[in-house]
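**Student:** What follows is a structure written as structure tokens; I'll ask about it next.
Protein chains in written order, with the working numbering: chain V, 9 to 194; chain R, 9 to 194.
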């Protein structure tokens with residue numbers, strides 16, 4: 009699997025990659041342990057600050073690593089590593105080191121202790137800024153503090169989970185409705 | 009625009025249509041007024057009960073209709089009405105009745121006062137079950153209490169917002185990774 013060369017990207021614009029709803033990989037680390045989980049339940053909650061809400065279930069091994077370190081990296085994979093994404097979602101960090109098991113490359117982040125995944129299209133370094141909704145909703149509110157995005161292609165071929173083991177693969181991107189937008193809505 | 013004939017669908021399975029991340033239309037009604045808003049920031053928060061989190065901004069005219077009625081319908085449009093979806097997102101219910109202005113058909117819901125949109129692929133009747141996050145995060149937590157989904161096609165060609173007036177149109181759906189899932193993860 010090839011490494012994706014990435015550039016700095018404005019944190020207030022990461023909605024461009026998360027709002028379309030792709031499956032993402034959450035990487036985390038705490039006290040010498042690291043893990044990756046596959047996640048489909050997330051949403052943009054604000055652009056400035058750059059807030060993202062994520063559902064991390066009590067059964068996810070990553071939950072305690074994220075909760076204790078108060079950090080994670082949200083990585084956006086594309087269809088070329090879809091099989092690996094599925095394997096990550098169907099194994100547990102209790103049993104294996106997923107970087108080693110699936111041949112993924114951990115790259116040190118700039119502002120958090122959790123590693124970036126070199127093979128992903130984009131990586132968003134995040135700090136946990138609100139823990140008050142974890143117990144009731146398993147909802148982790150993160151602030152993205154540093155974003156890395158591959159220079160090309162402009163529109164990644166992300167994968168989107170439909171349930172039942174089925175994925176929608178991102179199709180074409182169209183700009184033809186742009187003329188209908190009020191300038192302040194773009 | 010054609011009406012989509014819909015069937016009852018299990019509320020615990022609406023993630024099949026929301027988790028892939030489509031732009032949705034939120035319809036609402038309160039004291040004789042009705043409205044529709046275009047929304048891209050939403051997430052599944054639980055399947056049983058069927059919870060959906062939605063960001064409804066203070067500037068959205070729908071916000072007060074939803075807050076006061078404590079109900080809405082989340083409708084899933086497809087690419088055939090993309091132009092209408094954009095027009096809805098770039099106009100305000102302060103100025104117009106969007107059903108009339110854009111030729112959409114309001115159909116009475118079964119369990120809420122807000123109307124279904126006949127031209128959408130799916131419609132999820134929702135009750136507002138948690139108002140505690142509205143002030144801080146503009147986050148509305150809804151429970152879907154009734155779901156209506158078109159019988160065909162199985163996989164709707166939804167539209168996914170990338171920002172800057174650009175949409176990703178849902179591509180093909182693949183089941184080839186299904187064999188990699190543990191049965192309890194499907």
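The C-beta atom is built at its ideal place from N, Cα and C for all residues, glycine as well. It should be emphasised that the depicted structure is a prediction, and the values quoted were computed from it without experimental measurement.
Going by the CB atoms, is the gap between residue 79/V and residue 121/V shorter than 7 Å?
**Tutor:** Taking the first residue of the first chain as position 1, residue 121/V is located at position 113. Taking the first residue of the first chain as position 1, residue 79/V is located at position 71. In contact: residue 121/V and residue 79/V (Cβ atoms closer than 7 Å).
**Student:** With DSSP as the reference, label residue 133/V as helix, strand or coil.
**Tutor:** Start at 1 with the first residue of the first chain, and residue 133/V comes out as number 125. DSSP places residue 133/V in strand when its eight states are reduced to three.
**Student:** Please name the residue, chosen from 30/V, 19/V, 13/V and 76/V, that lies closest to residue 36/V on a Cα-to-Cα basis.
**Tutor:** Sequence index remark: in the first chain, residue 36/V carries index 28 (1-based). Of 30/V, 19/V, 13/V and 76/V, the residue nearest in Cα terms is 76/V.
**Student:** Given residue 82/R, which residues of its chain have a CB within under 7 Å of its CB, disregarding the five upstream and five downstream residues?
**Tutor:** By one-based count along the second chain, residue 82/R stands at place 74. Cβ within range, chain order: 32, 34, 60, 132 and 134.
**Student:** Express the C-alpha separation of residue 107/V and residue 165/R in angstroms, rounding to a whole number.
**Tutor:** The residue you call residue 165/R lines up with position 157 of the second chain. The residue you call residue 107/V lines up with position 99 of the first chain. Approximately 34 Å, taken between the alpha carbons.
**Student:** May I ask you to list, following chain order, the residues of the segment 79-92 of chain R that have a beta carbon less than 8 Å from some beta carbon of chain V?
**Tutor:** 90 and 91
**Student:** Give me the residue from 43/R, 30/R and 168/R with the minimum Cα distance to residue 99/R.
**Tutor:** The sequence position of residue 99/R within the second chain is 91, counting from 1. Comparing Cα positions, the closest option is 43/R.
**Student:** Counting only runs that start and end within the segment 22-68 of chain R, where is the alpha helix (DSSP H) found for 4 or more residues in a row?
**Tutor:** 23-26
**Student:** Quick check on residue 23/V: buried or exposed, where buried means 16 or more other Cβ atoms within 10 Å of its Cβ?
**Tutor:** To locate residue 23/V, count along the first chain from 1; it is residue 15. When all chains shown are included, residue 23/V counts as buried.
**Student:** Could you please tell me which residues of the segment 151-182 of chain R, in chain order, have their CB closer than 9 Å to any CB of chain V?
**Tutor:** Of all residues in the segment 151-182 of chain R, 163, 165, 166, 167, 168, 169, 170, 171, 172, 173, 174, 175, 176, 177, 178, 179, 180, 181 and 182 have a Cβ within less than 9 Å of some Cβ in chain V.
**Student:** Residue 45/V and residue 70/V: beta carbons closer than 7 Å?
**Tutor:** As a first step, residue 45/V is located in the first chain; it is residue number 37 there, counting from the start. As a first step, residue 70/V is located in the first chain; it is residue number 62 there, counting from the start. Against a cut-off of 7 Å, the Cβ pair of residue 70/V and residue 45/V comes out as a contact.
**Student:** Where in the segment 105-154 of chain R do unbroken runs of the beta strand (DSSP E), each at least 3 residues long, occur, reported from the N-terminal end onward?
**Tutor:** 130-138
**Student:** What are the start and end residues of the beta strand (DSSP E) that includes residue 159/V?
**Tutor:** On the first chain, residue 159/V is found 151 positions in, with the first residue counted as 1. Segment: none, residue 159/V is in no beta strand (DSSP E) and carries neither H nor E.
**Student:** Run through chain V and tell me which residues come within less than 7 Å of residue 69/R, C-beta to C-beta.
**Tutor:** Within the second chain, the letter at position 61 stands for residue 69/R. The premise fails here: residue 69/R is roughly 14 Å from chain V at the closest Cβ pair, so nothing lies under 7 Å.
**Student:** Applying the criterion that 16 or more other CB atoms from any shown protein chain within 10 Å of the CB defines a buried residue, is residue 154/V buried or exposed?
**Tutor:** Within the first chain, the letter at position 146 stands for residue 154/V. So residue 154/V counts as buried.
**Student:** For a quick check, are the C-beta atoms of residue 18/R and residue 84/R less than 7 Å apart?
**Tutor:** Along the second chain, read from residue 1 onward, the residue named residue 18/R stands at position 10. Along the second chain, read from residue 1 onward, the residue named residue 84/R stands at position 76. Inclusion of residue 18/R and residue 84/R in the CB contact set at 7 Å is not warranted, their separation being larger than that value.
**Student:** Are residue 179/R and residue 171/V closer than 7 Å when you measure CB to CB?
**Tutor:** Against the second chain, residue 179/R aligns to sequence position 171. Against the first chain, residue 171/V aligns to sequence position 163. Going by C-beta atoms, residue 179/R is not nearer than 7 Å to residue 171/V.
**Student:** When the Cα atoms are used, what is the spatial distance from residue 115/R to residue 73/R?
**Tutor:** Locating residue 115/R in the second chain gives position 107, where the first residue counts as 1. Locating residue 73/R in the second chain gives position 65, where the first residue counts as 1. Approximately 18 Å, taken between the alpha carbons.
**Student:** So with CB distances below 8 Å, who are the chain R contacts of residue 57/V?
**Tutor:** In the first chain, residue 57/V corresponds to position 49, counting from 1. Within 8 Å Cβ-Cβ: nothing; residue 57/V doesn't reach chain R, min ~12 Å.
**Student:** Ignore the nearest five residues each way along the sequence and tell me which others in residue 102/V's own chain have a CB closer than 7 Å to its CB.
**Tutor:** Looking up residue 102/V in the first chain gives position 94. If we look at residue 102/V and ignore the five residues flanking it on each side, its Cβ neighbours are 69.
**Student:** Quick one: give me the first and last residue of the beta strand (DSSP E) that residue 178/V is part of.
**Tutor:** The residue labelled residue 178/V in the question sits at position 170 within the first chain. Counting along the chain, the beta strand (DSSP E) containing residue 178/V begins and ends at 175-182.
**Student:** CA-CA distance, residue 141/R and residue 53/R?
**Tutor:** Locating residue 141/R in the second chain gives position 133, where the first residue counts as 1. Locating residue 53/R in the second chain gives position 45, where the first residue counts as 1. Each residue's Cα considered, the two are about 14 Å apart.
**Student:** Cβ of residue 123/R less than 7 Å from any chain V Cβ?
**Tutor:** On the second chain, position 115 is the one that residue 123/R refers to. It does not: the Cβ of residue 123/R has no partner Cβ on chain V nearer than 7 Å.
**Student:** Roughly how many whole angstroms lie between the Cα atoms of residue 194/V and residue 163/R?
**Tutor:** Here residue 194/V corresponds to residue number 186 of the first chain, with the count starting at 1. Here residue 163/R corresponds to residue number 155 of the second chain, with the count starting at 1. Each residue's alpha carbon lies about 28 Å from the other.
**Student:** Answer yes or no: do residue 51/V and residue 65/R have a C-beta to C-beta separation smaller than 7 Å?
**Tutor:** On the first chain, residue 51/V is found 43 positions in, with the first residue counted as 1. On the second chain, residue 65/R is found 57 positions in, with the first residue counted as 1. For residue 51/V and residue 65/R, no; Cβs fall outside 7 Å.
**Student:** Measuring only between beta-carbons, confirm whether residue 195/V sits less than 7 Å from chain R.
**Tutor:** Absent from the structure is residue 195/V, since the part of chain V shown begins at 9 and ends at 194.
**Student:** Could you tell me which chain R residues have their CB closer than 8 Å to the CB of residue 98/V, listed as they occur along the chain?
**Tutor:** Within the first chain, the letter at position 90 stands for residue 98/V. 188, 189, 190 and 193, listed in chain order.
**Student:** For residue 15/R, name the three-state secondary structure that DSSP assigns.
**Tutor:** Position 7 of the second chain, counted from the first residue, corresponds to residue 15/R. In this structure, residue 15/R counts as strand in the three-state DSSP scheme.
**Student:** Roughly how many angstroms lie between the CA atoms of residue 47/R and residue 21/R, to the nearest whole one?
**Tutor:** One-based indexing of the second chain puts residue 47/R at position 39. One-based indexing of the second chain puts residue 21/R at position 13. Rounded to whole angstroms, residue 47/R to residue 21/R spans 20 Å at the Cα level.
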